[in-house]
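Here the structure comes first, spelled out in structure tokens, and everything after it is commentary.
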Amino acid sequence: MGSRGKLPDILKNKRILMIASGIPLKIVYISPRDVSNFFDKNALSGSDLGHFFREDVVNKLNGFFHQPTGTSLSDTTAVKFRDTLIPVKLEAEIAEIGGVLSMVIHLEVVSEKRVVESENLLGKVSAAAISFHSSADEKELYSRLIDTISSIVKDDYVFAAFTDDLDQLRIEAYNDRTKSILPLTREFLGFDPLEFALPVSGIDESILFLFKSEKLARIPSFFEITGGAIDRPTSAVIEKALEIRSIYGIGFTQDQSYYGALAILCCNGSPEVPHDIIEAIVHQASYAIHRIRINKALKIAELKYQQVLNQRINILTQPEWEPGELSFNDLFDLDEIQRIQDAFSNATGVASLITDASGKPITKPSNFCHLCEHIIRKTEKGRANCFYSDAVIGRQNTGGPIVQPCLSGALWDAGASINVGNKHIASWLIGQVLDDEADPGKLIEYAMEIGVDQKLYMDALKDVRRMSKNQFESIAESLFLIANQLSIKALHNIQQARELAERKRIETENAEIQRRLETLMGNLPGMAYRCKNDKLWTMEFVSKGSYQLTGYHPEELTGNRVIAFNDLIVKESQEDLWMKWQEILANRSIFTDEYQIKTADGRLKWVWEQGCGIYDAEGNIVALEGLIIDNTSRKEAEQRLKESELRFRMLFEDSEDANLIIEDGIFIDCNEATLRLLKTTRDQVVMRKPFQLSPPFQPDGQASAKKAVKMINAAVRNGSHRFDWLHRRPDGSDFWVEVVLTIIRIDRKNIIYTTWRDITERKQSDQELRNMNEKLARLNHEYLSLNDEIARKNEALNIAINKAEESDRLKSAFLANMSHEIRTPMNGILGFAELLLTPGLPHNDMVSFVEIINTCSAQLMALINDIIDISKIEAGQITINKGRVSLKKLMTELYSIASKIQFRKVELVAPNLSDANDIVVLGDDIRLRQVLINLINNAIKFTKKGSVEFGYISAGGVVKMFVKDTGIGIAPEYHELIFKRFRQVNATASREQGGTGLGLAISKALVEQMGGTIWVVSAPGMGSTFWVEIPFQEMESGIAESYSGSVNVEISYNWSDKVILIAEDEDANFTLLKMLLKGTGCKILRAFNGKEAVDMALDAKPGLVLMDIKMPLMNGFEATRLIKSSMPDLPVIAQTAYALSDDRPKALAAGCDHYISKPISKKALLSALSRYLKD
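The numbering used here numbers the first residue of the sequence shown as 5 and each following residue consecutively.
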């Protein structure tokens, strides 16, 4: 594994996504792919976590995988990129993905500045380790531990509880913030928390497990910490009063020994607890506590061992120790005991046997006689008598031997017990000698009693040794002394075994302590040392890390054998360090410093050192102990940071865009480009808020001050934010900028890097484009002029299109398409209009040409209506006029219209036409018809064969209308796209069928204006179904009327007795109206302006006035008001070529009775007049 290296450019500001599953966890997905190129070559998808993370992190993640779904984990660690460790922030969450339990891992690469911060924290861990291991006792260690933890989590409550056993925990140390709340806590709880001993048995097992864990664990609430001693409501009140956000706990454990726990109560607003650092510090403290307690135990053991030695004689003579389950076999060498027994029997002539306390033989019999072994013991009764006799003499007796004749009455037996302490572990039995005064008659009687042949018995008795009672008793006394010596020897052997075991245990523990110390020293970053306080810094001990740090092995530095450590320090620092450290040591303080050394291979390295003095009882320095770590990477990172800051300043100042820095909502810096853009000086920008360089309100009506806060908050939430903003210069002129806010976190504070780019010209182009849209909307009026006027307007339209193409790419494409759509019908109109002037043109051709011109005009009119509608939508001028709508009638009319626009062999299906009932709702009949006609027209255009079906479904106050076809279909990814302006799914198909790409966008806007929704269900080759759902107020329902659907019946009118006044300044329009009314027989008067219309109406008193809106001298609105003031019953019908100004409500407000828009069809005109020219 390599060390930390330079961060690859591809990893800077990079977020990495991993998904892992399985047991053990394996990576199943990595994103982005370019980052995966930097992992170890074996670290591919499907690899173990070990290819990416350290072993401790892998174990942690595998353990976390057993948590419930939705549980999250946050940590800071490092991942392996090739041969480099890259520090990352790790966030993990348990989730189900596609039904598979998985772990989603987000890695955020830590910046080099964060690396420096991590190395600073590593320095704190190293310093803490030295401080802990130099502590004289546990009390001093506790104090140093709390000081170290508090320096990291300054804003939180920290306290530690320790125990000498597992019965209870007691608070032994706490930080200043915890101390500040103790008076309040005492008053609130009614007792002193420092005197409260928490019973370990009262803590829930799951919580106790967390407190014993070597990892920092989340504690659910304050209630669990108290083990239930404080009830939940009181605990909740305490948490709220102390503003506690979260609680963490970690145990002080070492080699399965538990010494206590540390608790951190995190407050609202405090930063997140750095788990790795806290765990590392607590681990060092745990090891130090373990070492102190082992040393304390060793001292107690040594004292006890000395006491054992001093009292050994008393122990041997007056044993108080209970040997437990130890047996005679465990205490003696049986071969040796057998030799002693045999020698004793041979010397005294008695038979011997040693049994355990139950009578079971331990040794082999010595000197057993033929009579007892082969005659008496071979009979059942004789054997029973012998066993009974052995049991009697084998009893425990510390006062002397037990001597008695056997049941035969003539043979002597004796026994002496062997004891260890008060325990009887064996008996030494002797006997099988004949009493000199034995009565032969009794011997014969015993032979008869046990059933033995008398002659055989008496012959065997001759070989038994004879002995007087005194002589046998003397031998028994000697046996008793030997048995006592064996008892003493047994106790001695036990004591010796215990001493050896204790000595071996102490040696093992000392060796383990030494091993752990060496492991600790070997695992510490850099070089741990102990040296003399001389100018050469003569080393007495150096850890193995010296070689990696200096290039010299420990034995080369120890005792200055190859080189003195002082000679490694660069010369210019040697004297300064000596003077500085001597002054610090004089105050018995810890010294820290940074300096450079020269390694064995001649390289210069920066190192960081921390150490302290070791003093004797008189306060004299006997040695220095400390830690030296390689600080070169940090120094290089600092240099890179300085260079990065310099590069940032250069980019900041030299940028052509305006760059500013915002802190706490105020501009604190800006570049020269900002001053040029604002045409002002730095003091007019710095220390001002964004809205102070803006007009009071933005163009959308929002106050600049409030909107600026919204924009900044959006940037804080998302990391960055882009938007347009109107600023105001000190000279009062306004200008548009595109603003980019980027959040930079520095020292837990949000700094906002701001970029302005002047977009005033772009905004002006947008305005010009809107003006062009307005002009396009008025093409309706221009179209009604003569052919040469239409051609002129067409040229103007082309000019407008060309200008629009220059200002916006998307609308340029639209206008190009629109130009094509206009030119196509215009080509037919102009071409066939010119052909109508051909002399002698046959009547049939003339009729055909006129029909073509009408068709092209209708096509052009539909296009212009689409443009007008989309412009109205953009201007927010679409209004919904609600009235009675018969759904059955609407369907009938749609069927009639669809039958006429159908040009392929497509079957039309309208199921609702056969419904017996009709539904009448309140809605906008015109807009609803417009939407459905557009959908039906599209369905017919894109259905080459099959059917087009349309209808409605009513349920629960909602009407759902549908248009279904069997056409080409639409892929799902385009279902949203087709409702956007100027967008079409298949450009080729659209060109074949014609269209601007506005129809569905207009339909969607109209449906939403009516409070409804529109959507499509479709797939390629499967046809399409468009649904329109609109909430209607149902007015009535009942039997449907019969509708013929015929709209082509020609109605004749006879108005020969009527006078109609036409107010129209355009000759072409007047001529058209005159021709349309020619067959009615009415008398027509003409007024050329509004004033003339008023005068003629008052004089001629016509039956009806057709009033143009746009006229010279006086417009139609004013003329109508004047006419109606004198002749309120005179019908006035307004006519206009405008569509965007919403003339209909204005005309009705002026007094007009009806409204028709140009171009005017004959049918629409006559139908409107017929309503007011009744007989």
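For glycine and all other residues, C-beta sits at the position ideal for the given N, C-alpha and C. These numbers come from a predicted model, not from an experiment.
DSSP three-state assignment for residue i, whether helix, strand or coil
i	result
His-847	helix
Val-744	strand
Leu-1177	coil
Arg-469	coil
Val-566	coil
Cys-674	strand
Ser-1171	helix
Arg-297	helix
Glu-95	strand
Arg-58	coil
Asn-754	strand
Tyr-556	coil
Asn-1058	coil
Ala-265	strand
His-110	strand
Gln-400	coil
Trp-582	helix
Thr-759	strand
Val-354	coil
Met-543	strand
Leu-645	helix
Asp-661	coil
Ser-184	helix
Met-22	strand
Phe-166	strand
Residues that DSSP places opposite residue i in a beta bridge
i	result
Asp-738	Arg-732
Gly-630	Tyr-533, Gly-615
Pro-1035	Val-962
Ser-724	Thr-746
Pro-1228	One cannot answer for residue 1228 here, as it falls past the ends of the chain, which runs 5 to 1179.
Cys-270	Ser-250
Gln-288	DSSP, once it has assigned bridges, lists no residue as partnering Gln-288.
Leu-1065	Leu-1089, Val-1109
Asp-79	Leu-94
Asn-423	His-428
Residue i versus the options, residue with shortest Cα-Cα distance
i	options	result
Ser-2	Ile-826, Ile-281, Asp-180	Since the displayed the chain opens at 5 and closes at 1179, residue 2 lies outside it and no answer follows.
Ala-943	Glu-516, Leu-912, Ala-1123, Arg-607	Leu-912
Asn-938	Gly-1003, Ala-975, Lys-385	Gly-1003
Thr-764	Arg-732, Lys-427, Lys-368	Arg-732
Ser-708	Asp-735, Arg-721, Asp-728	Asp-728
Leu-1180	Ser-76, Val-741, Pro-91, Lys-1082	Past the edges of the chain, shown from 5 to 1179, lies residue 1180, and the structure says nothing about it.
Leu-589	Gly-617, Trp-610, Gly-606, Asp-673	Gly-617
Arg-1175	Ala-99, Leu-490, Leu-845, Tyr-1057	Tyr-1057
Val-108	Asp-738, Asp-339, Ile-748, Leu-53	Leu-53
Gly-386	Tyr-461, Asn-916, Thr-1075	Tyr-461
Ala-719	Ile-756, Asp-1133, Lys-693	Ile-756
Glu-516	Thr-678, Tyr-599, Tyr-291	Tyr-291
Anticipated Cβ contact below 8 Å, residue i with residue j, distance rounded
i	j	result
Gly-530	Gly-549	5 Å
Arg-933	Met-1014	Actually they are not in contact, since the Cβ atoms of Arg-933 and Met-1014 sit about 12 Å apart, beyond 8 Å.
Thr-152	Ile-285	6 Å
Cys-376	Asp-467	About 11 Å separates the two Cβ atoms, so there is no contact after all.
Glu-613	Thr-596	7 Å
Lys-886	Asp-928	6 Å
Okay, do the region 617–629 and the region 532–548 touch, 3+ Cβ pairs below 8 Å being the bar? yes
Whether or not the region 185–199 and the region 249–267 are in contact is what I'm after, with contact meaning three or more pairs of Cβ atoms, one per stretch, closer than 8 Å; do they touch? no
Would you call the region 485–495 and the region 448–458 in contact, with 3 or more CB pairs under 8 Å? Because the criterion of three Cβ pairs below 8 Å is not met, the region 485–495 and the region 448–458 do not touch.
Check whether the region 348–366 and the region 430–440 touch, using three or more Cβ-Cβ pairs below 8 Å as the test. yes
So does the region 235–249 actually touch the region 132–148, counting three or more Cβ pairs closer than 8 Å? no
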